[in-house]
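To keep things clear, I will list the structure first and then write my remarks on it.
In full-length UniProt numbering, the protein residues as written are 1 to 184.
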């Protein structure tokens, strides 16, 4: 026999719902669409008993749920000592969308010129301010900007450059290290 709260399906129809009332052999079902329809008990099949639901509630560990809802205490952080070289890294994104407000009407040549001029300006800035490391984010693309960047960086003295950290930047970045001269 069915009880209020049972989930049922109609045998000869694609109707599912929840039992809202039982009157003898007549069972009123609230369908998934919100309609209340009466069926003979022999036309229905039980898909989920409300008793199972009540058992699930009885088995629930409410103290565990309450513990999950607690706001965690802030963690205390011990500041790690970093070497002076790791203090600051200048990151420059050379994607044209980051350099100009609107690239509409610009040719590939114009875009490449803006990107290389940005590299030159940032290299001068880093040298003047004694920034030990600069990362240029150029993206993967067809490799035109990376090739131009490699050519441009090859003309500088007192620097080394290589592909940047793959885990952090992927394949689309180059890092430049400035070789600092020691003052005697």
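Note that beta-carbon positions come from the ideal geometry of N, C-alpha and C, so glycine has one too.
Being a predicted model, the structure only gives us computed values, none of them experimental.
ask   = With respect to the alpha helix (DSSP H) encompassing residue 151, which residues constitute its N-terminal and C-terminal limits?
value = For residue 151, the uninterrupted alpha helix (DSSP H) segment begins and ends at 144-153.
inquiry  = My output table needs one value for residue 109: the three-state DSSP class, helix, strand or coil.
reply    = In this structure, residue 109 counts as helix in the three-state DSSP scheme.
message = Checking 8 Å against the spacing of the C-beta atoms, do residue 99 and residue 116 come in under that value?
response = No, they are not a contact pair.
request  = Look up residue 97 in the DSSP assignment and say whether it is helix, strand or coil.
outcome  = Residue 97: helix per DSSP, three-state reduction.
query = Residues in its own chain within less than 7 Å of residue 149 by CB, not counting five upstream and five downstream?
reply = Taken in chain order, the residues that qualify are 119, 136, 138, 174.
Under the three-state DSSP convention, the category residue 164 falls into = Three-state DSSP puts residue 164 in coil, outside helix and strand.
message = Considering only DSSP beta bridges, list what residue 11 is partnered with.
response = For residue 11, DSSP records no beta bridge to any residue.
key: Which of helix, strand or coil DSSP assigns to residue 159   = DSSP places residue 159 in strand when its eight states are reduced to three.
task = Going by DSSP, name the residue or residues bridged to residue 38.
result = Residue pairing for residue 38: DSSP places it in a beta bridge opposite 28.
query = Three or more C-beta pairs closer than 8 Å, one from the region 2-20 and one from the region 37-49: is that the case here?
reply = Under the 8 Å Cβ criterion, the region 2-20 counts as touching the region 37-49, having at least three qualifying pairs.
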